[in-house]
Amino acid sequence: MRVLAFIPVLAAVASAGCTRRSSQKPAPTETVQGEGGAWSQCGGVGWAGATSCVSGYTCSKINDYYSQCIPGSTTAILKAVPLTTSTFSSSAAPVTTTLKSSSAPTSIRSTTTSSLSSAPVATTLKTSESTVPTSVSSTTLESSTGTPSATTVPSNPNPTVLESGWYWIRAVAAPNFHKYLQGGASSATSSNQTALLEDHTTAGQFNIIDGQLVFNTKPAQLYLNVENPTDKTQRKLKTWFSTTKNAYGTFKFQGDTLTWSVADIKRQNEAAWLVCTGQEVFINTGAYLYQTPAGCSDQTIHSYGGSTANV
């Protein structure tokens, strides 16, 4: 009977010990996220930084890949809506036709005609060469010594299927939704190819190598050059493709967004571009969607790894 009398006492001691240990647990700490400064990035796909802004600025979504702290209340941003030329409805599976030849034609135009009762027909063209210029024009390019030299550059040398190690570069927001970066006719101020955002049928293929944006052309590769202005507050910096490497600034991908930076210009948004009259591409040295120059639209442009530039 004496042994049994100690059992309640031991139980009470054990209970008191458990209560003492639980009262010593540290209180949970509260994590407060920082605020982004004026004109800084505050969101987008893959963004891990601040998602709110300092007083007087609002985090506004520019597109899925970039949000920015801008003055005042939230700015309404146009959302891009893909356009479709037709809607197909059919229980039949799409028909794939493959054409093979030992030599590619110099010009290919594909037209698909269908009604609502038939599925679209996908056509794949295979040739013995991956790149076939449709035409060749003679263009004068500047040499490294500053003396113009006669060089022949294909006017449309772009492969229609993405080659390994290269990317399409395109806009993903209005008003240039799914317009693709490419070279165009020589401008009045440069003997090289103007940088354009145009239709997918003539899209170029690109990659960034050692800070250079390289245009995959045949037989020679081109580089996107940037104007070095006397006035460093200038809002528009001209761009063009040349056989000479760019000597002003550095290109890089931030996620899939194409950016450009240089030491002597402090850009509020390194991903800000402008598309102006004639679809010419310029670097915007100012803020995105703020004091946009007349005749231009704000744009960000992104890499795309789909096999064909058809969307």
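With mature numbering (1 follows the signal peptide of the UniProt record, and there is no 0) applied, the sequence shown corresponds to residues -16 to -1, 1 to 295, in that order.
Glycine residues also receive a C-beta, built at the ideal position from the N, C-alpha and C atoms.
query	result
With respect to the beta strand (DSSP E) encompassing Lys222, which residues constitute its N-terminal and C-terminal limits?	220 to 226
Just to check my reading of the structure: Leu208 and Ala187 have Cβ atoms closer than 8 angstroms, yes? What is that Cβ distance to the nearest angstrom?	About 15 angstroms separates the two Cβ atoms, so there is no contact after all.
Using three-state DSSP, classify Gly27 as helix, strand or coil.	strand
On a Cα-Cα basis, can you pick out the residue from Asp240, Gln283, Ala278 that is closest to Phe190?	Asp240
Quickly, what does DSSP pair Cys280 with across the bridge? List them, please.	DSSP lists no partner for Cys280.
Is the Cβ-Cβ distance between Trp23 and Asn253 less than 8 angstroms?	yes
Should Asp248 be labelled buried (16 or more other beta-carbon atoms within 10 Å of its own) or exposed?	exposed
When you compare the CB positions of Leu146 and Ser44, do they come within less than 8 angstroms of one another, or not?	no
According to the Cβ coordinates, are Ala293 and Trp150 closer than 8 angstroms?	no
Is the beta carbon of Ala256 closer than 8 angstroms to that of Tyr232?	no
Name the two residues that bound the continuous beta strand (DSSP E) containing Leu242.	241 to 245
Under DSSP, the beta strand (DSSP E) around His286 begins and ends at which residues?	285 to 288
By how many angstroms is the C-alpha of Gly279 removed from the C-alpha of Thr96?	Note that Thr96 has pLDDT 40, beneath the 50 cutoff, so the model's placement of it is unreliable and the number below is only indicative. Taking the straight line joining both Cα atoms gives about 35 angstroms.
Tell me whether the beta-carbon of Leu181 lies closer than 8 angstroms to the beta-carbon of Lys220.	no
Decide if Gln275 is buried, meaning its Cβ has at least 16 other Cβ atoms within 10 Å, or exposed.	exposed
Whose C-alpha, out of Ser245, Arg251, Tyr41, Asp183, is nearest the C-alpha of Leu197?	Ser245
Determine, using beta carbons only, whether Ile54 and Leu165 come nearer to each other than 8 angstroms.	no
Would Ser281 pass as a contact of Phe237 if the rule is Cβ separation under 8 angstroms?	no
Closest to Asp48 by C-alpha separation, out of Gly27, Gly56, Ala34, would be which residue?	Gly27
To the nearest angstrom, how far is it from the Cα of Thr42 to the Cα of Gly56?	6 angstroms
Got a sec? Which residues, its chain only, sit under 7 angstroms from Val29 by beta carbon, not counting five neighbours each side?	Asp48, Tyr49, Gly239
Assign Gln177 to one of three DSSP states: helix, strand, or coil.	strand
Ala158: which of Lys229, Gln52, Ile46, Thr185 sits nearest, CA to CA?	Ile46
By the DSSP assignment, the beta strand (DSSP E) with Gln52 in it spans what residues?	50 to 55
My output table needs one value for Gln263: the three-state DSSP class, helix, strand or coil.	helix
CA-CA distance, Ser148 and Gln205?	15 angstroms
I'd like the list of long-range same chain contacts for Trp224, defined as Cβ closer than 8 angstroms, with 5 residues on each side in sequence excluded.	Ser171, Ser174, Asn176, Gln177, Thr178, Ala179, Leu208, Asn209
Quick one: what's got a C-beta closer than 6 angstroms to Thr35's C-beta in the same chain, skipping five residues either side?	Cys26, Gly27
Determine the extent of the beta strand (DSSP E) in which Val210 is found, giving its start and end residues.	206 to 210
Taking only three categories from DSSP, how would you classify Thr42?	strand
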